[in-house]
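Residue numbers (this note's numbering), protein chains in the order written: chain A, 5 to 116; chain B, 1144 to 1257. Below: the structure, in structure tokens.
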Amino acid sequence: AQSVTQPDIHITVSEGASLELRCNYSYGATPYLFWYVQSPGQGLQLLLKYFSGDTLVQGIKGFEAEFKRSQSSFNLRKPSVHWSDAAEYFCAVGADDYKLSFGAGTTVTVRA
Amino acid sequence: NAGVTQTPKFRVLKTGQSMTLLCAQDMNHEYMYWYRQDPGMGLRLIHYSVGEGTTAKGEVPDGYNVSRLKKQNFLLGLESAAPSQTSVYFCASRMTSGASHEQYFGPGTRLTVT
């Protein structure tokens, strides 16, 4: 079965600084990979996804992520963070069994 | 297009009471899911359904039952609520074709069991 690890529970970043959130997955074959964002009190919104092709994927809100098979990673990046990016971010991996496995999440705090 | 909706948004139960959470989607999706979200644990799958009339257990099914009598609805039941079921519950759905596995989420139901 697939699994996901997000090593960072909480990250604090200054507004305008760059952000990188780490995600490592465990799965034997090529996985389907996702990043979701959850603002306080809200549901989950898809930021971006990877399932084949170019390993650098662009998403909404200026986010991008890179799939690195050799490192089993799918890290999320944003060059310049805005205060509205303060939220919880979840990495998820899907396989051919209809299900997604989610990481525990990384909370991002943006300081002025 | 409302997407995925959940009813109710908030609920407080006493231990031992029962309730049903309703999830509805208008995207004609075949697959539907119920998750619970607890601090530091991400989302954990409770039950899921791959089509009308079919359900299956997920990672944490104990204490919950589900039904999928209509394609657009997926109900989650708690027969005898326990404080350990205090959580935020999310419903999600996805299509079968396209194979991208993207799930669309509802806004959540915050349940407190006292």
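All residues carry an ideal CB built from backbone N, CA and C; glycine is no exception.
Since residue i sits in a beta bridge, which residues does DSSP pair it with?
i	result
histidine 14 of chain A	A:Thr111
threonine 1148 of chain B	B:Ala1167
leucine 51 of chain A	According to DSSP, leucine 51 of chain A bridges with nothing at all.
valine 1231 of chain B	B:Gln1180 and B:Arg1253
glutamine 42 of chain A	A:Glu92
lysine 82 of chain A	A:Leu23
glutamine 62 of chain A	A:Glu68
threonine 1197 of chain B	B:Gly1194
tryptophan 1203 of chain B	For clarity, residue 1203 of chain B is valine in the given sequence; the question names tryptophan instead. According to DSSP, valine 1203 of chain B bridges with nothing at all.
Return the Cβ separation of residue i and residue j in integer angstroms, given the expectation that the two are a contact with Cβ distance under 8 Å.
i	j	result
phenylalanine 1233 of chain B	tyrosine 1178 of chain B	5 Å
threonine 9 of chain A	glycine 107 of chain A	6 Å
leucine 1212 of chain B	methionine 1162 of chain B	At roughly 18 Å, the Cβ-Cβ gap does not stay under 8 Å, so leucine 1212 of chain B and methionine 1162 of chain B are not in contact.
leucine 48 of chain A	glutamine 62 of chain A	That belief does not hold up - the Cβ atoms of leucine 48 of chain A and glutamine 62 of chain A are roughly 19 Å apart, past 8 Å.
serine 105 of chain A	glutamine 6 of chain A	5 Å
tyrosine 102 of chain A	valine 1147 of chain B	With a Cβ gap of about 16 Å, tyrosine 102 of chain A and valine 1147 of chain B do not count as contacting.
methionine 1170 of chain B	tyrosine 1191 of chain B	At roughly 16 Å, the Cβ-Cβ gap does not stay under 8 Å, so methionine 1170 of chain B and tyrosine 1191 of chain B are not in contact.
valine 1256 of chain B	alanine 1235 of chain B	Contact flag wrong, Cβ pair sits at about 23 Å.
phenylalanine 94 of chain A	glycine 1183 of chain B	Between glycine 1183 of chain B and phenylalanine 94 of chain A the Cβ distance is about 12 Å, and since that is not below 8 Å, they are no contact.
leucine 37 of chain A	phenylalanine 67 of chain A	Going by Cβ atoms, the distance from leucine 37 of chain A to phenylalanine 67 of chain A rounds to 13 Å, so no, they are not a contact pair.
Using a Cβ cut-off of 9 Å, pull out every chain B residue sitting near residue i, in sequence order please.
i	result
glutamine 46 of chain A	Pro1250 and Gly1251
phenylalanine 94 of chain A	Gly1185 and Leu1186
Answer with buried or exposed for residue i, where buried requires no fewer than 16 other C-beta atoms within 10 angstroms of its C-beta.
i	result
proline 1159 of chain B	Correcting the residue type first, residue 1159 of chain B is glycine in the shown sequence and not proline. Exposed is the call here.
arginine 1237 of chain B	buried
glycine 32 of chain A	exposed
leucine 1254 of chain B	buried
proline 11 of chain A	exposed
glutamine 1246 of chain B	buried
valine 64 of chain A	The residue asked about is misnamed: residue 64 of chain A is isoleucine in this sequence, not valine. Isoleucine 64 of chain A is exposed by the Cβ-count criterion.
phenylalanine 1153 of chain B	exposed
aspartate 89 of chain A	buried
valine 1155 of chain B	exposed
glutamate 24 of chain A	exposed
tryptophan 39 of chain A	buried
glutamine 46 of chain A	exposed
glycine 1196 of chain B	exposed
lysine 82 of chain A	buried
isoleucine 13 of chain A	exposed
histidine 1244 of chain B	buried
proline 2 of chain A	Residue 2 of chain A lies beyond the range of chain A shown here (5 to 116); nothing can be said about it.
leucine 60 of chain A	exposed
glycine 1251 of chain B	buried
Taking Cβ-Cβ distances shorter than 7 Å, what residues in chain B pair up with residue i?
i	result
tryptophan 50 of chain A	Going by the sequence as given, residue 50 of chain A is leucine instead of tryptophan. The answer, in chain order, is Glu1245.
tyrosine 29 of chain A	By Cβ distance, chain B contributes nothing, its closest Cβ being about 13 Å from tyrosine 29 of chain A, past 7 Å.
Against residue i, what residues of chain B qualify as contacts under a CB-to-CB distance less than 8 Å, listed in chain order?
i	result
glycine 98 of chain A	His1244
Strictly below 7 Å CB to CB, what residues from chain A border residue i?
i	result
phenylalanine 1217 of chain B	The contacting residues do not exist; phenylalanine 1217 of chain B stays about 14 Å from chain A at best.
So residue i contacts chain A; which residues on that side make the cut at Cβ distance below 8 Å?
i	result
valine 1193 of chain B	Tyr102
Shorter than 7 Å from the beta carbon of residue i to some beta carbon of chain C?
i	result
valine 61 of chain A	Reference to chain C is not applicable here, since the protein chains of this structure are A and B.
Inset, instruction - With 8 Å as the C-beta to C-beta threshold (strictly closer), list the residues of the stretch 1151-1176 of chain B near chain A in chain order. - result: For the stretch 1151-1176 of chain B, the set of residues with a beta-carbon nearer than 8 Å to any beta-carbon of chain A comprises Tyr1174 and Tyr1176, in chain order.
Legend entry - Short-range partners of chain B found in the stretch 100-114 of chain A, where Cβ spacing is below 7 Å: Listed by position, the residues of the stretch 100-114 of chain A near chain B (Cβ gap below 7 Å) are Tyr102, Lys103, Leu104, Phe106, Gly107, Ala108 and Gly109.
Inset, instruction - Check each residue of the stretch 1198-1212 of chain B: if its Cβ is closer than 9 Å to any Cβ of chain A, include it; give the result in chain order. - result: Within the stretch 1198-1212 of chain B, the qualifying residues are Ala1199, Gly1201 and Glu1202.
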